[in-house]
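*Asks:*
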Amino acid sequence: LYWQVRTVAGGDVDEAQDDLIARYSLRQLRATLRTDMTKLKRRQMRRENRAVFGTVQGGHLKDDIFLHMNLNEIRRDFREGRFINRDTNNAKFAGPVYNLIIEKESPTGGPGEVVERVRAYAKQLSINPVTEDPLAVGFVRVPVDQPFRMEVPFAIINAEKCSSLKNGYLLRLIKCLHIRVNPYTKPPECCWVDLENRKYGTLAAGEVILPPGCDLLQDPAIKVLKLGRKV
624 LYWQVRTVAG GDVDEAQDDL IARYSLRQLR ATLRTDMTKL KRRQMRRENR
674 AVFGTVQGGH LKDDIFLHMN LNEIRRDFRE GRFINRDTNN AKFAGPVYNL
724 IIEKESPTGG PGEVVERVRA YAKQLSINPV TEDPLAVGFV RVPVDQPFRM
774 EVPFAIINAE KCSSLKNGYL LRLIKCLHIR VNPYTKPPEC CWVDLENRKY
824 GTLAAGEVIL PPGCDLLQDP AIKVLKLGRK V
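Heads up: the sequence shown begins at 624 in this note's numbering, then just goes up one per residue.
#1: Can you check whether the CB of I644 is closer than 7 angstroms to the CB of N693?
#2: Assuming the contact rule is C-beta atoms closer than 8 angstroms, L826 and L848 should be a hit. Round their C-beta distance to whole Å, please.
#3: Using 10 angstroms around the beta-carbon of T655, count the other beta-carbons present and answer buried if the total reaches 16, otherwise exposed.
#4: For V775 and R852, what's the separation of their Cα atoms in angstroms?
#5: Quick check on Q864: buried or exposed, where buried means 16 or more other Cβ atoms within 10 Å of its Cβ?
#6: What residues in its chain sit with their C-beta under 7 angstroms from that of I707, if we drop five residues either side in the sequence?
#7: Just the Cα atoms here: how many angstroms apart are Q627 and H691?
#8: What residue does the alpha helix (DSSP H) around D700 start on, and which one ends it?
#9: Report yes if the C-beta distance between R742 and R772 is below 7 angstroms; otherwise report no.
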């Protein structure tokens with residue numbers, strides 16, 4: 624499986640496996656193992672806006688991995704729209720697939736020894752509803768050689784070629800689509816709805832353009848977008 628760093632003769636990292644993880648991930652994120660950290664220290668790090676805490680689940684390992692990451696990295700991805708709201712009633716968001724580099728904590732404060740490298744899907748991000756800062760991230764291991772399920776938003780293309788929009792409007796009926804990413808496929812940041820020459824009406828999930836190597840997991844007849852006429 625191409626989700627974990629392995630050490631080869633001489634103590635070197637298997638660069639071929641690292642390359643696969645990087646190639647089939649969207650972004651790189653460094654994280655530090657959370658070991659022997661008291662609740663008081665975690666609260667202090669949150670209060671000082673230094674860290675977001677996270678957990679990595681899945682894979683053949685029995686135990687979860689507990690991490691902390693730089694707040695600015697996760698906050699930037701969230702504010703740049705790389706996370707989508709999974710539940711309109713709660714501040715729960717799903718994000719991209721990361722090349723997650725896990726390090727031991729360094730006594731000097733710099734980069735530590737890399738202990739594992741994981742292709743991980745940020746399945747759930749919790750947000751402070753007042754400050755809108757990330758609180759915690761739940762990651763799931765997604766091996767390169769196995770399919771996995773994820774949620775992605777859809778983007779509008781060729782809106783300038785849609786004459787109906789001159790006197791019309793767009794209404795998104797759902798926030799995201801559930802798709803399957805097949806083995807050895809780079810996860811998408813989004814899928815696309817093509818408005819070229821579209822008339823008034825609704826567009827179904829089956830009409831959404833998916834990237835190569837991805838399959839729709841929802842009913843293709845479900846309505847995702849409405850192109851309406853202004854009154």
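The C-beta atom is built at its ideal place from N, Cα and C for all residues, glycine as well.
*Replies:* This is what the structure gives:
#1: Residue mapping note: residue 693 aligns to position 70 of the sequence shown, counting from 1. Residue mapping note: residue 644 aligns to position 21 of the sequence shown, counting from 1. Against a cut-off of 7 angstroms, the Cβ pair of I644 and N693 comes out as no contact.
#2: As a working note, residue 826 is residue 203 in the sequence shown. As a working note, residue 848 is residue 225 in the sequence shown. Your pair L826 and L848 checks out as a contact, with CB atoms roughly 4 angstroms apart and the cut at 8 angstroms.
#3: For the purposes of this step, residue 655 is identified with residue 32 of the sequence shown, where counting begins at 1. Classification of T655: buried, given that the 10 Å Cβ count is 16 or more.
#4: Translated into the one-based positions of the sequence shown, residue 775 becomes position 152. Translated into the one-based positions of the sequence shown, residue 852 becomes position 229. When only Cα atoms are considered, V775 and R852 end up about 27 angstroms apart.
#5: It is not possible to answer for residue 864, since the shown part of the chain is limited to 624 through 854.
#6: Mapped onto the sequence shown, residue 707 falls at position 84. Exclusion of the five residues before and after I707 leaves F716, A717, E774, P776, K798, C799 as the residues of its chain whose Cβ lies within less than 7 angstroms of its Cβ.
#7: Here residue 627 corresponds to residue number 4 of the sequence shown, with the count starting at 1. Here residue 691 corresponds to residue number 68 of the sequence shown, with the count starting at 1. At Q627, the pLDDT of 40 sits below 50, so the modelled position is not reliable; the number obtained from the coordinates is stated separately. The straight-line gap from Cα to Cα measures roughly 18 angstroms.
#8: Here residue 700 refers to the residue found at position 77 when the sequence shown is read from its first residue. Run containing D700: 694 to 702, per the alpha helix (DSSP H) assignment.
#9: Numbered from 1 along the sequence shown, position 119 holds the residue referred to as residue 742. Numbered from 1 along the sequence shown, position 149 holds the residue referred to as residue 772. No, the Cβ-Cβ distance between R742 and R772 is not below 7 angstroms.
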